Amino acid sequence: MLKKLLITVLASFALMASAWAVVDINTANQQQLESLKGIGPEKAKDIIDYRSKNGAFKTAEDIMKVPGIKEGTFAKIKSEISVGGKVAAPAAAKAPKASKPAASVAAKK
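Residues -21 to -1, 1 to 88, numbered by mature numbering (1 follows the signal peptide of the UniProt record, and there is no 0), are exactly what the sequence shown covers, in order.
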């Protein structure tokens, strides 16, 4: 009984880990591409066709060269895809605006 429970728990963790795995868009098959948010059978096929005709993607951002994959789709999947193990760089954080220093009370005297 305990053995079956342990096997079930371990299998669950294995499935969850595979769901979080990053997909290399240069080597992924149809099923792996379909596991990405917003990528269905048609877009997965388009990615594979584009890759076959044009060669390997150089960067994760290059996936937007595939017809039908725009910035919105890329934004959804960029943390889930890689090219040769390199995940897309996150968008640069905006630095807060520098505030003007308060005028010194002593300077006003």
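Even glycine gets a Cβ: it sits at the ideal position worked out from N, Cα and C.
Everything numeric in this text was worked out from a predicted model, so none of it was measured.
Just the C-alpha distance for residue i and residue j, rounded to the nearest angstrom, thanks.
i, j, result
"glutamate 21", "lysine 37", "22 Å"
"aspartate 41", "valine 1", "16 Å"
"methionine 43", "isoleucine -15", "41 Å"
"valine 45", "lysine -19", "48 Å"
"alanine 39", "lysine 32", "17 Å"
"serine 61", "leucine 15", "12 Å"
"glutamate 13", "glutamate 59", "12 Å"
"arginine 30", "glutamine 11", "15 Å"
"glycine 34", "methionine -21", "51 Å"
"aspartate 3", "lysine 49", "18 Å"
"alanine 54", "valine 66", "13 Å"
"alanine 23", "lysine 57", "15 Å"
Give me the DSSP bridge partner(s) of residue i.
i, result
"lysine 65", "Val62"
"residue 132", "Given that the chain is displayed from residue -21 to residue 88, the structure contains no residue 132 and the question cannot be resolved."
Our contact map puts residue i next to residue j with C-beta atoms below 8 Å; I'd like the distance itself, whole angstroms only.
i, j, result
"glycine 63", "asparagine 5", "7 Å"
"threonine 52", "glycine 19", "Actually they are not in contact, since the Cβ atoms of threonine 52 and glycine 19 sit about 11 Å apart, beyond 8 Å."
"glycine 47", "aspartate 25", "6 Å"
Does the Cβ of residue i lie closer than 7 Å to at least one heavy atom of the ligand ATP?
i, result
"lysine 24", "Judged by which ligands are present, the structure shown has none, so any question about the ligand ATP falls away."
Can you tell me where the alpha helix (DSSP H) with residue i in it begins and where it stops?
i, result
"residue 93", "Here the chain comprises residues numbered -21 to 88, so residue 93 is not present and cannot be evaluated."
"glutamate 13", "9 to 13"
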